[in-house]
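Keeping their order, the protein sequence lines are chains A and B. At position 277 of the first sequence (counting the first as 1) the number is 276 in numbering that gives the first Met the number 0, and the numbers step up by one without a gap. At position 340 of the second sequence (counting the first as 1) the number is 339 in numbering that gives the first Met the number 0, and the numbers step up by one without a gap. Idealized CB from N, CA, C, for every residue including glycine. Here the structure is a predicted model, which means the values were calculated and not measured.
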Amino acid sequence: MGKVKLRSVAAGCAAGVIAVSLAACGTGAVGAGSGGTATGGIKTGPGVDAKTKTISLGVLSPLSGPVAVIGDPLTAGQQTYFKAVNASGGINGWKVNLVERDSKYDPQTEVQDYNQISGQVAMIAQSLGSPTTKAIQPLADQQKMVVGAAAQDSAFVTDPVMAVIGTPYAIDDANALAYILKQSGHPNAKIGIIYQDDAYGQDGLRGYLAGLKAYHFNNVAEATYQVGDTDLTAQVQKMRAAGAQYVFVVAVPATAATIVGTGASQGYNPTWVFQGPAWSEYLMTSNGMPTGKPTPVAKALASNVWVLGYEAQWGNMRVPGMQQFLANTKKYAPKQIPDYYYMYGYAEAQMETALLRKAIESGDLSRQGILNAKLHLGEVNLGGLVPPLNYTPSLGPASRMTEIGKVAVGAPTFIKPVSPFLEGTAAKELQFTTSG
Amino acid sequence: MPRNRRQRPSNAKVAATAAVAVVAVLLPFAMNAFQLTTAVFVVIAAIGALGLGVLTGYAGQISLGHAFFLAIGAYTAAVLGGNDHLTAAIWLPAAGLVAALCGALVGPTALRLRGLYLAIVTIGLVFIGQNVFSNVAAISGGPGGRSFPAVAFGSFNLDVGQQLTIGGLVIDHNGLYYYLALIILALAMLYVWNLSRSRPGRAMQAVREREIAASVMGVNLARTKVSAFAISSFLAGISGALYASFLSFVTPDQWSLLLSVQYVAAIIVGGIGTVWGPVLGSIVIFALPPVLQSLVPQTASGGVPIDDLTSIVYGVLIIAFFVFEPGGVVGLARRLQRVRVGRSEGREPMHKPDGEEPSPRQEQSMEERVPTWAK
């Protein structure tokens with residue numbers, strides 16, 4: 000029974016003591032980068048190189064794995080805008096450099112990535128996803144790191160360091176109900192909802208319930224599904240049995256397509272109201288372009304599906320920023336197909352450029368300076384690609400406007416407008432409180 | 000000769016262990032924030048892997064439910080530390096104890112089921128856990144997840160931004176977690192090492208080799224299996240609590256089957272049925288992906304295919320590893336040692352693969368260490 004003898008434990012302890020005293024001679028590599036004052040009087044911080052006049056921004060995005068279908072185009076959109084900014088002389092002479100890390104949509108990887116780059120970036124230009132961004136939230140709060148959160152989770156709009164563009168999911172649903180009421184003139188329509196059993200689904204449900212209450216609609220059926228479920232017959236059946244005329248679908252594209260397909264095969268064709276992330280061009284054709292081979296579910300989708308969102312229609316030339324957007328895309332990302340995540344990334348980069356410009360004009364590019372610029376940014380027009388944002392110290396969502404489109408075969412991105420930006424009373428009154 | 004070495008740690012082994020300890024203690028001062036964060040995750044994971052090492056490596060009970068016990072520990076910490084604001088001196092041990100209790104409740108199923116059947120039952124735990132955690136918002140925050148408390152002893156906490164200065168030496172938030180986890184890991188390793196050569200530990204190994212023979216020799220199967228589950232779950236609970244606390248925010252889908260599989264991979268890669276195996280395996284399984292990724296130059300021109308490539312390299316490495324060294328990292332170390340011993344004795348070990356001593360014996364014992372379910 001050779002158990003550990005006291006002597007070896009003592010030896011171990013001695014080794015530990017020696018180690019600590021040895022370590023005392025070493026240097027601790029701690030510190031979030033000290034600030035300084037560059038020539039020209041601009042206060043600098045981590046990620047800001049006054050010599051080369053370069054500002055480094057971090058990107059934490061799923062560049063591999065299943066969520067890369069979102070992360071890749073979103074990051075490409077940011078790259079395009081910043082390339083255009085750099086080519087036109089930068090932001091008041093300052094060039095932007097992106098430091099990208101693959102988060103794999105995994106909170107642990109995200110924290111590692113964040114720690115890897117936080118010392119060398121002025122702000123995080125993109126952190127994609129709710130669980131991932133929440134994992135770095137305490138670090139960002141403590142380091143006063145402004146984070147461009149690419150997540151429409153309501154929880155982020157009440158955190159000072161989180162810079163979110165667009166409209167929270169909850170508001171989209173409330174606005175869709177306002178539109179249904181406006182169309183029919185009376186709240187007699189039977190409404191149902193199928194939502195994903197997670198934070199995203201909960202957020203959609205919240206706005207849906209708030210809208211029902213505000214406009215006195217009948218909630219005839221609610222059904223949930225788990226991520227990865229492939230058979231949604233029971234959920235569709237529930238809607239059909241309740242006689243729902245409008246069914247809200249808070250889902251991801253593959254599931255949303257299954258729901259509509261299942262309904263069509265049973266001869267049940269209500270108006271399906273898709274939450275933004277439920278939609279993808281790839282549901283219509285093999286390559287996401289009108290030239291591709293139509294998918295089996297394309298016909299059913301084109302019959303009666305609305306898509307909620309806050310982004311402009313790709314190629315809609317009445318949108319002031321569209322021409323510039325398409326020109327930059329052609330020049331810097333010629334292979335890019337029409338994609339709303341790409342457009343979101345582009346618009347997010349516009350927001351960050353406005354924010355950095357304000358910080359430069361205030362003469363403070365330290366973390367605190369950038370945070371101050373974000374809090375007092377005020378209203379910024381993003382060329383109509385997404386609704387104008389308004390950042391104030393009282394926080395809250397960047398926008399409460401929603402656009403409604405309808406799936407159609409002929410349109411360039413398979414969507415034709417149904418209603419321009421609208422903001423209903425329920426959406427106006429929706430409260431956003433600080434929560435975990 | 001090998002018997003001798005087993006009974007009492009040789010001077011060389013003590014020296015090597017001390018050297019590793021010194022390196023482990025000094026490591027944070029040679030690392031940047033990214034490397035240190037990775038190291039913290041590895042050390043925390045090693046505590047959990049050590050637990051699975053007891054259950055699968057020593058007692059031979061395969062479990063794919065480790066993620067469930069990690070989650071139990073994490074949520075115990077969340078309720079006691081987050082909701083009730085108790086000190087970590089209470090919630091950290093409590094996380095282990097509650098998980099151990101759950102383990103002891105699951106343990107009896109191993110009396111009726113063995114091998115792959117037990118594996119499937121423990122998979123069930125993961126699925127039940129994920130569904131329960133998604134629906135009990137008061138504990139887990141529901142599907143959206145919840146935040147977890149930082150380790151705090153009285154007024155001293157390990158929160159982000161905390162710094163401890165000892166004689167001009169600054170240890171930050173990451174460093175504090177690193178040392179806390181390292182101390183727990185060292186104690187756990189010492190415990191498992193002692194256990195492996197104590198009566199209950201020998202009983203576990205007897206059960207692993209042949210249950211019927213063990214029971215004929217007077218080993219109490221029920222007690223041995225249940226205690227293996229309890230010990231394993233205790234360490235998993237501690238590991239899960241530390242993990243969630245360090246990560247600060249966790250959603251229920253984090254405790255997935257994949258996490259369980261990573262732990263199983265860690266103990267097999269490291270070397271099953273050893274004390275150092277789970278620790279070395281954790282380094283390979285939990286540190287290799289981020290390290291591989293950090294080696295890839297990431298430019299603004301979108302390194303998309305390269306990121307996928309690192310995952311592929313990771314997979315290929317694991318396959319290659321098993322093909323060439325089924326004994327894991329520990330087996331590799333033993334092989335190197337044999338080569339060295341062979342050289343110093345003026346022999347060419349490569350020319351005598353079937354030589355009498357010590358290679359065949361070692362090979363044999365490695366063979367025996369692979370539990371029956373793996374054959």
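Which listed residue (P387/A, M238/A, V251/A and Y339/A) has its alpha carbon closest to that of A198/A:
Position 199 of the first sequence, counted from the first residue, corresponds to residue 198/A. Among P387/A, M238/A, V251/A and Y339/A, the Cα nearest to that of A198/A is on V251/A.
Quick check: what's the CA-CA separation for L104/B versus V225/B?
Reading the second sequence from its first residue, position 105 is the one you call residue 104/B. Reading the second sequence from its first residue, position 226 is the one you call residue 225/B. Annotation: L104/B to V225/B spans about 8 Å, alpha carbon to alpha carbon.
So, does the CB of G133/A fall closer than 8 Å to a CB anywhere in chain B?
Within the first sequence, the letter at position 134 stands for residue 133/A. Residue 133/A is actually Lys in this sequence, not Gly. True, the Cβ-Cβ gap to chain B drops below 8 Å.
Best match in G409/A, A154/A and S418/A for proximity to P293/A [C-alpha to C-alpha]
Looking up residue 293/A in the first sequence gives position 294. Of the listed residues, the one whose Cα sits closest to P293/A is G409/A.
With a threshold of 7 Å on Cβ separation, who are the neighbours of N174/A within its own chain once the five nearest residues in sequence on each side are excluded?
Walking along the first sequence from the start, residue 174/A turns up at place 175. If we look at N174/A and ignore the five residues flanking it on each side, its Cβ neighbours are T401, L421, E422, G423 and A426.
Can you check which of these residues, S146/B, Y178/B, T86/B and F228/B, is closest to P251/B by C-alpha distance?
As a first step, residue 251/B is located in the second sequence; it is residue number 252 there, counting from the start. Here the closest residue by C-alpha is S146/B.
Give me the chain B residues within the contact set of D338/A, using Cβ-Cβ distance strictly less than 8 Å, ordered along the chain.
Taking the first residue of the first sequence as 1, we reach residue 338/A at position 339. Contact note: D338/A does not reach chain B at a C-beta cutoff of 8 Å; the least C-beta distance is about 14 Å.
Can a CB atom of chain C be found closer than 8 Å to the CB of Q253/B?
In summary, chain C is missing from the structure at hand, where the protein chains are A and B.
Same chain only: Cβ atoms within 7 Å of Q204/B, ignoring 5 sequence neighbours per side
What you label residue 204/B is simply residue 205 of the second sequence in a count that begins at 1. Within the same chain, Q204/B has close Cβ partners Y57.
Minimum C-alpha distance to Y343/A - residue among G308/A, F431/A, T131/A and L354/A:
Counting from 1 along the first sequence, the entry for residue 343/A is found at position 344. Answer by Cα proximity: G308/A.
Output needed for N315/A: all residues of its chain with C-beta closer than 8 Å, excluding positions within five of it in sequence on either side, in chain order.
Numbered from 1 along the first sequence, position 316 holds the residue referred to as residue 315/A. The beta carbon of N315/A sits closer than 8 Å to the beta carbons of M321 and P416 from its chain, once the five residues preceding and following it are set aside; these are given in chain order.
Taking C-beta to C-beta, are I170/A and R399/A nearer than 8 Å?
One-based indexing of the first sequence puts residue 170/A at position 171. One-based indexing of the first sequence puts residue 399/A at position 400. Contact: yes.
Measuring CB atoms only, is the segment 37-52 of chain B touching the segment 212-226 of chain B, in the sense that at least three cross pairs come out at less than 8 Å?
Per the Cβ contact rule, the segment 37-52 of chain B is not in contact with the segment 212-226 of chain B (fewer than 3 Cβ pairs under 8 Å).
For chain A, is any of its Cβ atoms less than 8 Å away from the one on L246/B?
Taking the first residue of the second sequence as position 1, residue 246/B is located at position 247. Residue-level contact check: L246/B touches chain A, since one or more beta carbons of chain A fall below 8 Å from its beta carbon.
Through-space distance from I317/B to Q119/A, alpha-carbon basis
As a first step, residue 119/A must be located in the first sequence, where it is residue number 120. As a first step, residue 317/B must be located in the second sequence, where it is residue number 318. Going by the C-alpha atoms only, they are around 33 Å apart.
For R100/A, the nearest candidate out of G92/A, Q111/A and W93/A (CA to CA):
Looking up residue 100/A in the first sequence gives position 101. The candidate whose alpha carbon is nearest that of R100/A is Q111/A.
Which of the three DSSP states, helix, strand or coil, is assigned to A222/A?
By 1-based counting over the first sequence, the position of residue 222/A is 223. DSSP, read as helix, strand or coil, puts A222/A in strand.
So what's T401/A in DSSP terms, helix, strand or just coil?
Indexing the first sequence from 1 puts residue 401/A at position 402. When DSSP states are grouped into helix, strand and coil, T401/A belongs to the strand group.
Would you kindly check if the distance between the Cβ of I282/B and the Cβ of A264/B is under 8 Å?
Working through the second sequence from its first residue, we reach residue 264/B at position 265. Working through the second sequence from its first residue, we reach residue 282/B at position 283. Cβ atoms of A264/B and I282/B: not closer than 8 Å.
Inter-residue Cα distance where the pair is D202/A and G141/B:
For the purposes of this step, residue 202/A is taken as the residue at position 203 of the first sequence. For the purposes of this step, residue 141/B is taken as the residue at position 142 of the second sequence. When rounded, the distance between both Cα atoms is 12 Å.
Same chain, Cβ closer than 8 Å to H215/A, neighbours up to 5 away in sequence not counted:
Along the first sequence, read from residue 1 onward, the residue named residue 215/A stands at position 216. Hits under 8 Å: P186.
Kindly indicate if chain B contains any beta-carbon less than 8 Å away from that of P386/A.
For this step, residue 386/A is matched to residue 387 along the first sequence. Cβ-Cβ to chain B under 8 Å: no for P386/A.
Rounded C-beta distance between V248/A and A277/A? I'm assuming under 8 Å.
Here the question's residue 248/A lines up with position 249 in the first sequence. Here the question's residue 277/A lines up with position 278 in the first sequence. With a Cβ gap of about 5 Å, V248/A and A277/A count as contacting.
Give me the Cα-Cα distance between L157/B and L73/A, rounded to the nearest whole angstrom.
Here residue 157/B refers to the residue found at position 158 of the second sequence. Here residue 73/A refers to the residue found at position 74 of the first sequence. Going by the C-alpha atoms only, they are around 35 Å apart.
Short CB-CB distance (under 8 Å) between P289/A and chain B
Position 290 of the first sequence holds residue 289/A. Under the 8 Å criterion on CB atoms, P289/A is classed as non-interfacial with respect to chain B.
Collapsed DSSP secondary structure at P293/A in the structure displayed
Indexing the first sequence from 1 puts residue 293/A at position 294. P293/A: strand per DSSP, three-state reduction.
Determine the DSSP secondary structure at P277/B, reduced to helix, strand or coil.
As a working mapping, residue 277/B is identified with position 278 in the second sequence. Here P277/B sits in helix by DSSP.
Residue burial classification, Q234/A (beta-carbon count within 10 angstroms, cutoff 16):
Along the first sequence, one-based indexing puts residue 234/A at 235. Classification for Q234/A: buried.
Rounded distance between the beta-carbons of G106/B and G72/B, thought under 8 Å:
Stepping through the second sequence from its first residue, residue 72/B is reached at position 73. Stepping through the second sequence from its first residue, residue 106/B is reached at position 107. That belief does not hold up - the Cβ atoms of G72/B and G106/B are roughly 17 Å apart, past 8 Å.
State buried or exposed for E378/A, treating a residue as buried only when at least 16 other CB atoms are found within 10 Å of its CB.
The residue given as residue 378/A occupies position 379 in the first sequence. The residue in question, E378/A, is exposed, as its Cβ has fewer than 16 Cβ neighbours within 10 Å.
For a contact defined as C-beta to C-beta under 7 Å, what are the partners of V110/A on chain B?
As a working note, residue 110/A is residue 111 in the first sequence. In chain order: T36 and L246.
Restricting to Cα atoms, I'd like to know which of A67/A, Q77/A and A162/A is closest to L394/A.
Along the first sequence, one-based indexing puts residue 394/A at 395. Nearest of A67/A, Q77/A and A162/A to L394/A, Cα basis: A162/A.
Give me the Cα-Cα distance between V322/B and I271/B, rounded to the nearest whole angstrom.
Counted from its first residue, the second sequence places residue 322/B at position 323. Counted from its first residue, the second sequence places residue 271/B at position 272. Computed Cα separation, rounded: 15 Å.
What does DSSP give as the partner residue(s) for M161/A in the beta ladder?
For this step, residue 161/A is matched to residue 162 along the first sequence. Paired residues: V146/A.
Going along the chain, which residues of the segment 179-203 of chain B sit with their C-beta nearer than 9 Å to a C-beta in chain A?
Cβ contacts with chain A: A185, L189, W192, N193, R196, S197 and R198.
Could you please give me the residues that DSSP links to D363/A through a beta bridge?
Walking along the first sequence from the start, residue 363/A turns up at place 364. Bridge pairing for D363/A: K42/A [DSSP].
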